[in-house]
Structure formats: structure tokens, C-alpha cells
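Heads up, the thing below is written out as C-alpha cells.
Protein chains: 2
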Amino acid sequence: MGNITIRMLAKELNLSTAAISKALRDSHDISASTKERVLALAAKLNYVPNPYAGSLRRRKSKTIAVVIPEVANSFFSIALNGIEAVAIEKGYHTLIYLTHEKLAREKAILQDLQSGRVDGVIVSITLETTSGEHFRALASGQVPLVFFDRVCEEIETAKIITDDFTSGYNATSHLIECGCKNPALLSVSNSLSIISRRLEGYRQALADQGIKENPANIILCGNDPNENYALIQQVLKRKKRPDGIVATIENLTTEIYQVSEKLGLSIPQDLKVVCFSNLATVAILNPSLTTITQPAYEMGKTAATILFKALEKKSFLLENENIVIPSSLVVRHSTVREL
Amino acid sequence: MGNITIRMLAKELNLSTAAISKALRDSHDISASTKERVLALAAKLNYVPNPYAGSLRRRKSKTIAVVIPEVANSFFSIALNGIEAVAIEKGYHTLIYLTHEKLAREKAILQDLQSGRVDGVIVSITLETTSGEHFRALASGQVPLVFFDRVCEEIETAKIITDDFTSGYNATSHLIECGCKNPALLSVSNSLSIISRRLEGYRQALADQGIKENPANIILCGNDPNENYALIQQVLKRKKRPDGIVATIENLTTEIYQVSEKLGLSIPQDLKVVCFSNLATVAILNPSLTTITQPAYEMGKTAATILFKALEKKSFLLENENIVIPSSLVVRHSTVREL
DNA sequence: ACTATTTACTTAACCGGTTAAGTAAATAAA
DNA sequence: TTTATTTACTTAACCGGTTAAGTAAATAGT
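Written out as C-alpha cells, the structure is:
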């Protein structure tokens, strides 16, 4: 650990450690000339205060934790980018924890975070998370908690989300307007609120356009690409196969394209596709992909901003509110042949 | 911060704090029955030790820092994934710092990390980094430092790299074998060692295949997508335009494809393209992209493993070594029409 | 000239654990 | 039975800052 301490500065300058500490924090208690001497020596010796000593005394760590399912995912990595930008600006440090969609990991991490390691936590929950019990201790304690995107509705705190119902509605309506009679929806969870809302939007769009819902067209995918490939293939081999797909998460894109290619279905003629995706490369896919693009960076940034607002107040109370940042439908060639 | 302390447990059980501390760490000093009582109460009260108190005393933080240019980038996000996996397994915490390719940020971060905040650091340097001075204090101190991918050669420590020369060589040779007479290389830095090596590989391949090097075919791109687009367009509008491109970084892919489309150049007939890329979607691009795929996860994992090897020893000396994990050329339709 | 206030510090407790050193009681060895 | 050792703790210093409370000297006020 860092070797040069406030005590050494004190000895060198014949001052008390208190004087050094105050000089470094620019206290009124210390004369200008002394401050100068202290700053000069600190700079010369390249003194960097031990953060944990201060954290212990002040009971503040100037650190936040970000708990997300994956980082090798464009949505989460962009959101993390937004969070980190705010944290750095505020002089905070960012601990990153990946749950890999495992509830057990999420619980273990949240348990650890009760230690005072961080001043605040930003979470996007796993696909397995159905109860919010493990968030309760944190939220009811003095550690403010903000959810983004995949939120835990039963916990009363700030939640940064996008307009999932509308997005699901728009994606589905768009497919129908493009001529789909039998659009399917690829889901990944029956519990995640964002997925439920996208599904509700899908249903409402069907209803509004007078298409009868077919339960077989709501397909629950999983985490394994191979299994998803097999599942999608099975769906697209049906006699009355879907002529459109709304994929509620990004990582289903590759499988949809690959199965279509394998089955000789051409997109968008035989199958129209809309994905929830933030990939930069969607525009150069074959064909380019119509997407619901989520405001990932903005969501991360907003989550962090709201969190710091709570941290800067003495009361750590975060209002139970949903902050909605809209997504946008970007139409490309996977739904429309000519643009 | 966490409210329940070792002192409260001590009072409750009529023991000293030392006894509690030892009981929790399963010391031989404490009787089995007492340990049981302590563990039971700790569990009941959901006691989580304050990490900073321990860090201060033991001069170990059980935390590492990862300093990378960007996280919204498939290579770095996958590498971070690998690092985090090892850290979690070892019971360590991971602080993430993004430099956004700014040397000033990198310096400020490295300065802070001398504080004892972390036990070790993993870095991939910025495009602006030419000198390693700001790494010296850390490396010469007691904080072990490991570089991965974008390494700082002048610092004597462990460096996890891929076979950049060979990759550049293979990418270029592949283009030539596919019929290119005039392959260009898109660079992003004149100082970064990995880019230099890729360039050397490119040159060697030209030499071996008897193609005279054309300096105008070595193109220095930057960080701004729009500028890169303009630059690539300018190159592909030349009378004697390149018939092949080796792109040394992933984020040039979109611009290459878009310029080609705009200029009516079809890939691979008019222009063959190989990119250094870890994007999952390369297989479904239009056309699918031939890549040099770096072992991003393995590199992150190895960097972390080497770091922890040093952390687990009493001596923090990291050998000055290059650990090379090979990349692979994956041939797809951007260089070969029929596979 | 004498008290009140301000200036510029110092002292010491504190944050919450860890650990070297000490100790009383129980057990083992001689 | 006496001494040596082990067991199961306690005491207190320590990590490196922060900060409430105290103090001596200088300055201001009357």
C-alpha cells in the first residue's frame, strides 16, 4: 500500500498530523504560509492519502457499485459507460460486479455490499430474480439503490426504465403495417417486468390491428445460443410459421439470421425482424436490422445522476419513481425492402 | 455505512472484540463452543465486517483496478469479463476506470492508485500514451501491474499480448492469396506497439509476396467515426484505389462497409476486407466479415491470473515477460465469395 | 491596561477491525 | 506435588486519516 503518510509530512514539517490534514483540506484553521509548505512537500513527496483511513472515519467510501448481468453486451457496456462518466465527474470510484444472470451471485454481491464498501448501488437484475428480498436490507439501510432497465418493482426506490410497452407496441405495429399477419415474439423471461411490458405492447398491437393472439407465437428463449438456435429453427419450420419476429433481446439476432439462412427464408420477404438492440453494427447486417434502440448511455447516466443526488443529500431517501427514457424504432431493411 | 460492528457482537456475548475477530476468522485461539455462539449471533444479526477497517490494518484491500480505454467495445468488454471472473473466484473486488483514450485521464487514475486503494492493477493503455513515466511509481512500488493487449513496453512487468505480427502477416497474406494486388492497412496509432507489430506483419507479407509497399496505403485513422468515414472514402476514391483492406481495429468496420456501399464497391469482388474484431455479429454482416479474432476472454483471464500469482506471493515482483496468446484468422465472405 | 476575540495551531479520541503480547485457569509432565 | 505447557481468552497498540475540544500567542476592542 501507499507508503508515505500524513505522519511523515508532519514530522518533516514539525507540525501535528491534524495540521497537515487540515492544510490539505484547505481549512480556515491553517495559515496561508503553512498551507503552502504542506502542499509543496506533499507534491514533492507525491503524497496520496490512503482512501480507506478516510473512509473509515467519515463513513463514506466515495465508491459506488454497479451490479449487472453481463458486460459483454452492448446495452450494459454502454450503460456502464454512462454511469462511469458521472461517477468520475463526481469524484467517485466504480466497482463492477457481474451476476452472469445468476440469482445466487446477485444475492452474494448484495450481501457483501451491506458492509459499507460503497455509498450507493446501481442494479439491473438477473433473469432469475423474482423476489426482491435481497435488496431490502440495503434499501432500508443507508445505502441508496437505483435500478435501471431490469428493475425490481417491489422495492420502493428510483427506477430508470425505457418505454417498454410502447416499444413492444411500436415494434409489433410496424411488423403488421409491413404486412405481417402472424408475428411472433421471442421472450427470455416470464418474470422480468421489462419483458412483460414488451409482451403487453405486442398483445395490444395485435388487438388493435384485429389479429388474434396465438400463444404458440410467444416463445420463451433461454441463455444458451445453441438451444435458442434449435428453438427458433423449430418455430420457423412450423407449417404455419410466423412471418415476423419481435426479439426482445439483442443476443437473439445472430440465431434468427442464421436459422433464416439455413431454412432459406429471406429477410424481409419471408420473415420480417425487429430486435431490441444497441449494436453499432446493426446497420451493416445482411440485411440491415430494424431495431428498437434503447437509450443505454442516457439510462446509465440518469441512474448515476439520480443516485448522486441522493448521496449529496443528508437524507438518503430515494423517491419511489419510474423515470422513463423513451426508446426509438429505427426502421431498416429487415422489415422494409426499399427505404 | 454498515451499522452492526464487532463491538456490538462483543458486548452482546460478553467477549472482547479480539475474541470475536478471531472467532470469525476461525482462529485456534478460540474454543469451538465460543466460535459457534459468535457465528450464530453474526448470522442472526447479519453482520458483515467493514472492509475498510481490515484494509487499513492489513494494508491489503482485496481490490484490483482495471484501467482500459473504453468498455463499449467488444474486445475490452470481453476481456473485462475474463478479468472479473478470476477476481470473483479469488474473492477480490474490481474497480473499473475508463480513460476514453485520454492520456491525462490515465495519468490521473494511476496517480490515485498509488494511494493503496488497490492491491494490483491491470492496464491497457490509451492511443495517446507514448511514455510510461506515470506507470513507474506504481510498478516500482508495491503495487503489481500487468498490461494486456495495448502494453507499455518500457515498463518491466508482465504483458499479455496476442501475436500481432503474425496476425498482421496472416491477414495480409490472406488478402494477397485471395487476389489482392494493392492491399491497404488502416492504422490508428503510430506509437502503439500492437499496431506497429500488425503493420510490420503487413509489410513482411507484402515483401514475401513480392509486392512493393506503397506508403499511401498505410492510413492513419482516428477516433472520430465521421472523420474516419471521410478518410476511408477519400482512399477508396483514388484512381489506384486499394483492392483490399486490413483494418487494425474493430470500430472501422462500419465505416468501411458504409463507404463501400456508397461508392458502389462490392465486397469482396471489388474490395476484400479483414478486420481485427471480436464482434459476435461479424458472421451475419453483409457480407460476413473475415476477421482476426483476438482471444479477448483468455487475455483478460490470463492477465488477472498472472496478477493474482504476484499478489499471493510475499514478493510482488512480476517478471518482465510477454505472454502471447495467439489470435486466429477466421475466413468469411468479405474476402472469399464462395466458401 | 485589561479583557475579548481571533489565529494557528496541538492533543487525543475516533472510525472498525487485526494482532502482538499478556494472563489466568486448566491440563500435562516430571 | 511442583513446574511446564496448553487453552481460551483479554488488553492495548495499531492501520492512517479526521475532527471535536483545548490552548498559547497575537490582535482587537473598550
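Here the protein sequences come in this chain order: V and E. Per our numbering, the first sequence starts with residue 610, numbered consecutively. Per our numbering, the second sequence starts with residue 610, numbered consecutively. C-beta atoms are modelled at their ideal positions from N, C-alpha and C, and glycine is treated no differently.
Span separating the alpha-carbon of residue i from that of residue j
| i | j | result |
| --- | --- | --- |
| A892/E | F917/E | 35 Å |
| M610/E | Q720/V | Residue placement at M610/E cannot be trusted, given a pLDDT of 45 that sits under 50; what the coordinates show is reported in the next sentence. M610/E and Q720/V: Cα-Cα distance of roughly 13 Å. |
| F756/V | N799/V | 19 Å |
| K620/E | R646/E | 13 Å |
| K716/E | K910/E | 25 Å |
| N791/E | L926/E | 47 Å |
| S897/E | R946/V | 20 Å |
| G819/E | T708/E | 41 Å |
| S749/V | A919/V | 14 Å |
| Y706/V | I677/V | 6 Å |
| V844/V | G873/V | 14 Å |
| D758/E | L650/V | 37 Å |
| H702/V | A793/E | 42 Å |
| K846/V | Q878/V | 16 Å |
| I827/E | L622/V | 57 Å |
| G729/E | F885/E | 29 Å |
| R634/V | A713/V | 42 Å |
| I697/E | S640/E | 31 Å |
| Y866/V | A839/V | 13 Å |
| L754/V | S805/E | 45 Å |
| D638/V | E921/E | 44 Å |
| H743/E | M908/V | 34 Å |
Sequence-distant residues of the same chain with beta carbon closer than 8 Å to residue i, five excluded per side
| i | result |
| --- | --- |
| N682/E | E859 and N860 |
| E930/V | A767 and K768 |
| G810/E | D773, F774, T775, S776, G777, Y778, N779, A780 and T781 |
| K871/V | Q842 |
| L808/E | G777, L794, S796, I827 and T857 |
| K849/E | N791 |
| Y906/E | I687, A688, N690 and G691 |
| R745/V | I764 |
Contact under 7 Å by Cβ, residue i with residue j
| i | j | result |
| --- | --- | --- |
| A780/E | V868/E | no |
| V680/V | N837/E | no |
| V797/E | C830/E | yes |
| L665/V | L665/E | yes |
| V675/E | I731/E | yes |
| S670/E | V752/E | no |
| E710/V | T735/V | yes |
| K644/E | A627/E | no |
| G741/E | E763/E | yes |
| S724/V | P824/E | no |
| S943/V | I876/V | yes |
| I770/V | V933/V | yes |
| L894/E | L894/V | yes |
| A913/V | I692/V | yes |
Those residues which DSSP pairs with residue i across a bridge
| i | result |
| --- | --- |
| Y811/V | BP columns for Y811/V are empty, so no partner. |
| P660/E | Answer by DSSP bridge pairing: none, since P660/E is not bridged. |
| G963/V | There is simply no residue 963/V to check, as chain V begins at 610 and stops at 948 in what is shown. |
| N655/E | None, per the DSSP bridge assignment. |
| N931/E | K768/E |
| I731/V | V675/V and V755/V |
| L894/V | L894/E |
| L938/V | I901/V |
| L829/V | S796/V |
| Y706/E | V676/E |
Other residues of its chain near residue i: CB distance less than 6 Å, five sequence neighbours each side excluded
| i | result |
| --- | --- |
| I613/E | L654 and Y656 |
| P935/V | D772 |
Supposed close pair residue i, residue j - CB separation, criterion 8 Å
| i | j | result |
| --- | --- | --- |
| D852/V | K821/V | About 15 Å separates the two Cβ atoms, so there is no contact after all. |
| T890/V | T862/E | 7 Å |
| E864/V | P904/V | Contact doesn't hold; Cβ gap of about 25 Å is too wide. |
| I785/E | A814/E | 7 Å |
| F685/V | S733/V | 7 Å |
Residues of its chain near residue i, where Cβ-Cβ distance is below 7 Å and the 5 sequence neighbours each way are ignored
| i | result |
| --- | --- |
| R812/V | E822 |
| L938/V | N779, A780, H783 and I901 |
| T629/E | Per the sequence shown, residue 629/E should be read as Ile rather than Thr. Excluding residues within five positions, the ones whose Cβ falls inside 7 Å are I615, L618, A619 and V647. |
| M765/E | Note that residue 765/E corresponds to Glu in the displayed sequence, not to Met. Closer than 7 Å at Cβ, skipping near neighbours: N929. |
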